[in-house]
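So in our numbering, spot 248 of the sequence shown is number 249, and the numbers just go up one at a time. We treat Cβ as the ideally placed atom computed from N, Cα and C, and that holds for glycine.
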Amino acid sequence: MHVTPLPGLAVVGGGPAGLMAAETARAAGFDVDLFDAKGSVGRKVLVAGKGGLNLTHSEPFPRFVSRFGARSAEVGAWLARFDADALRAWAADLGVPTFVGSSGRVFPEDLKAAPLLRGWVRRLREQGVRFHVLHRWRGLGPDGEHVFDTPDGERRFQAAASVLALGGGSWPELGSDGAWVAPLAAAGADVAPLRPANCGFDVGWSEHFASRHAGAPIKPVRLALGWEDPPRWRQGECVATTTGLEGSLVYFLSSALRERIASHGEALLLMDLVPGREPARLEQDLSRPRNGRSLSEFLRRSVGLEGVKAALLREVLPPEVLAGDAATLARAIKSLPVRLKAARPIAEAISSAGGVRLEALDEHLMLRARPGLFLAGEMLDWEAPTGGYLLSACFASGKVAGAGAAAWLQARR
Numbered sequence: 002m003h004v005t006p007l008p009g010l011a012v013v014g015g016g017p018a019g020l021m022a023a024e025t026a027r028a029a030g031f032d033v034d035l036f037d038a039k040g041s042v043g044r045k046v047l048v049a050g051k052g053g054l055n056l057t058h059s060e061p062f063p064r065f066v067s068r069f070g071a072r073s074a075e076v077g078a079w080l081a082r083f084d085a086d087a088l089r090a091w092a093a094d095l096g097v098p099t100f101v102g103s104s105g106r107v108f109p110e111d112l113k114a115a116p117l118l119r120g121w122v123r124r125l126r127e128q129g130v131r132f133h134v135l136h137r138w139r140g141l142g143p144d145g146e147h148v149f150d151t152p153d154g155e156r157r158f159q160a161a162a163s164v165l166a167l168g169g170g171s172w173p174e175l176g177s178d179g180a181w182v183a184p185l186a187a188a189g190a191d192v193a194p195l196r197p198a199n200c201g202f203d204v205g206w207s208e209h210f211a212s213r214h215a216g217a218p219i220k221p222v223r224l225a226l227g228w229e230d231p232p233r234w235r236q237g238e239c240v241a242t243t244t245g246l247e248g249s250l251v252y253f254l255s256s257a258l259r260e261r262i263a264s265h266g267e268a269l270l271l272m273d274l275v276p277g278r279e280p281a282r283l284e285q286d287l288s289r290p291r292n293g294r295s296l297s298e299f300l301r302r303s304v305g306l307e308g309v310k311a312a313l314l315r316e317v318l319p320p321e322v323l324a325g326d327a328a329t330l331a332r333a334i335k336s337l338p339v340r341l342k343a344a345r346p347i348a349e350a351i352s353s354a355g356g357v358r359l360e361a362l363d364e365h366l367m368l369r370a371r372p373g374l375f376l377a378g379e380m381l382d383w384e385a386p387t388g389g390y391l392l393s394a395c396f397a398s399g400k401v402a403g404a405g406a407a408a409w410l411q412a413r414r
């Protein structure tokens, strides 16, 4: 089989990590060929940007880095080289000014992903990056060459250095399908199983609840992990689905919930359905005479509980609690126990956990088992909540890998 030699760096994967690696290496003076399985690059960025592209977050660096949990030290080292301020300056240089929203999240001023992506790809082309679309990476050949499936059949390319930025396992229709796991593991990479992150969870609602309330937002609400003592409450919103719960507040807790289910078979989530009402005041309001009103009408009039929140009480609590004394009912409303049975499939998740373990890489994100092969982005074993953290770390890892690959090539000139 013919192998096409490449004059410089091969980047496989056209998401933010791959594009940033390509830009970094090209700025260092090296030829770059970028390959992507789809007909155009950055598709996941475009979909993520439909509701406003959340590029990064404005919170102080130590707190920002803490969002990466067990991988804070490693991801923090990437971010030290390309942090939120650097990312905003980079976007501005592309002609895309940004602003800080009320939550501290950072967005393009026009809240769109397409102008940023178009401008970036145009600039990369002008700088000389060569794009090869509809090239699906299948693995490494016997001499370390990249093997691709293309519309014209199999093609092979050999490069002195490469960056793989193939994504995780979420949103497979956009290219991040995790198909790289087996061939990369066969090439010597230590890969942790891919798992859903920033995902919804199954509860197992009754048909009555699901048919009436799927899609209903639950807000405001506070959530806490049921095994923490004392519980650490976080306020926000979530959404009832046909099978359970999803939404930003659930995503924030998804890593802990997923691991709890893995170790204990289920995870107890506590819900405070009336976060603005103190327990004593709630109990007092529930102590009022019902005067013949139904429970639903009484809850609506006395404490403002209606719709999906009232339905949650009926779905979760036994009849004796609903019909019991005011103190017991008040405690249940302030700490409703909802048992989560399983995370939703990885294909439905916003992102994924697992991937190539960071211990298998050096500080330049080069795979120790394959000198000259660098990795970046979500295919690495780290995770973060939504809020700009995911994109920020992908950009930063691409910067590190691209610089590492450029240094590797420079040393061998």
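query	result
Would you grab the beta carbon distance between Phe132 and Ala385 for me? Rounded to a whole angstrom, and I think it's under 8 angstroms.	Going by Cβ atoms, the distance from Phe132 to Ala385 rounds to 28 angstroms, so no, they are not a contact pair.
Does the beta-carbon of His58 have 16 or more other beta-carbons within 10 angstroms, so that it is buried, or is it exposed?	buried
Using 8 angstroms as the threshold, is the C-beta distance between Val366 and Phe375 below it?	In the sequence as presented, Val is not what sits at residue 366; that position holds Leu. Yes, the pair counts as a contact, with Cβ atoms nearer than the cut-off.
Can you tell me the Cβ-Cβ gap for Ala241 and Val309, rounded? I've got them flagged as a contact below 8 angstroms.	6 angstroms
So Gln236 and Pro221 are supposed to be a Cβ contact under 8 angstroms. How far apart are they, rounded?	6 angstroms
Please list, in chain order, all residues of the same chain as Ser288 whose beta carbon is under 6 angstroms from its beta carbon, the five residues on each side excluded.	Ala327
Should Met2 go down as buried or exposed, given a rule of 16 or more other Cβ atoms within 10 Å for buried?	exposed
Name the DSSP bridge partner or partners of Glu155?	Asp150
What's the call for Lys45, buried or exposed, on a 16-neighbour Cβ count within 10 Å?	buried
Which two residues bound the contiguous alpha helix (DSSP H) that contains Arg213?	Glu208 to His214
When burial is assigned at 16 or more other CB atoms within 10 Å of the CB, is Ala166 buried or exposed?	buried
Tell me where the alpha helix (DSSP H) around His265 begins and ends.	Ser255 to His265
Note down the Cα distance separating Pro152 from Ala38, rounded to an integer number of angstroms.	11 angstroms
Measure the alpha-carbon distance for Leu195 versus Gly169 and round it to whole angstroms.	7 angstroms
Answer with buried or exposed for Asn292, where buried requires no fewer than 16 other C-beta atoms within 10 angstroms of its C-beta.	exposed
Just verifying my parser: in three-state terms, what is the DSSP assignment at Gly237?	strand
Do Arg137 and His419 come within 8 angstroms of each other at the CB atom, strictly closer than that value?	It is not possible to answer for residue 419, since the shown part of the chain is limited to 2 through 414.
Have a look at Leu274 and Ala26 and give me their C-alpha separation to the nearest angstrom.	51 angstroms
Considering only C-alpha positions, which residue in the set Ala22, Phe202 and Arg213 is nearest to Gly266?	Phe202
Report yes if the CB atom of Leu271 is closer than 8 angstroms to the CB atom of Ala225, and no otherwise.	yes
Quick one, are the C-beta atoms of Pro109 and Leu54 less than 8 angstroms apart?	yes
Would you tell me roughly how many angstroms separate the C-alpha atoms of Ala23 and Pro17, rounded to the nearest one?	10 angstroms
Just to confirm, is the Cβ distance from Ala397 to Arg106 under 8 angstroms?	no
With a CB to CB cut of under 6 angstroms and the five nearest residues on each side skipped, what residues in its chain are close to Leu112?	Gly53
Quick check on DSSP: helix, strand or coil for Lys342?	coil
Counting Cβ pairs closer than 8 angstroms, one from the region 252 to 260 and one from the region 312 to 322, do we hit at least three?	no
Check whether the Cβ atoms of Val357 and Ala92 sit closer than 8 angstroms, and answer yes or no.	no
Measuring only the C-alpha atoms, how far is Ala348 from Trp121?	28 angstroms
Taking the CB atoms as reference points, tell me whether Gly9 and Phe36 lie closer together than 8 angstroms.	no
If we ignore side chains and look at the alpha-carbon of each, how far apart do His209 and Arg301 end up?	20 angstroms
At the level of alpha carbons, what is the spacing between Leu118 and Ser41?	11 angstroms
Whole beta strand (DSSP E) runs in the region 154 to 195 with 3 or more residues, listed along the chain?	154 to 159 and 162 to 165
Would you mind stating whether Glu337 and Leu313 have Cβ atoms separated by less than 8 angstroms?	One point to set straight first is that residue 337 is Leu, not Glu, in the sequence displayed. Yes. Within cutoff.
Could you tell me which residues DSSP pairs with Ser352 in its beta bridges?	Ala198
Return helix, strand or coil for Arg131, following the three-state DSSP convention.	strand
If you follow the alpha helix (DSSP H) that Gly403 is in, where does it begin and where does it stop?	Tyr390 to Ala412
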